[in-house]
Amino acid sequence: MTTAVIYSNSNQECERIGMLLRSISTEFHEYVLGNHFTQQQFQMEFGSDATYPQVAIGNKHIGNMKDTLHYLGSIGYDKH
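Going by numbering that gives the first Met the number 0, 22 is the number at position 23 of the sequence shown; the sequence numbering is gapless.
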């Protein structure tokens, strides 16, 4: 799998998605609110209704945690 990017606000779901990506040996970069981007930049990029985390894999924006779990399942990675 190609490198993933997590846009995080350090909440529990962000930590969980990082653990999931590590468990399937996926390299990822984590960008953290306040360190790498502002809330305004996040909303401009993903929309005002977007939740944390937001995940991109390669050049493809996947979405939030639920979207990422669905995507990984659809390409054959076990969610557990």
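Every residue gets a Cβ at the ideal spot worked out from N, C-alpha and C, and that includes glycine. All values reported here derive from a predicted model rather than from experimental measurement.
Top-ranked residue by Cα proximity to T25, from G17, T37 and N34
G17
Going residue by residue through the segment 17-71, where are the continuous alpha helix (DSSP H) segments of at least 4 residues, counting only ones entirely within it?
38-45
Can you tell me which residues form a DSSP beta bridge with I5?
E29 and V54
Which word fits T2, buried or exposed, when buried means at least 16 other C-beta atoms lie within 10 angstroms of its C-beta?
exposed
Using 8 Å as the threshold, is the C-beta distance between Y51 and N8 below it?
yes
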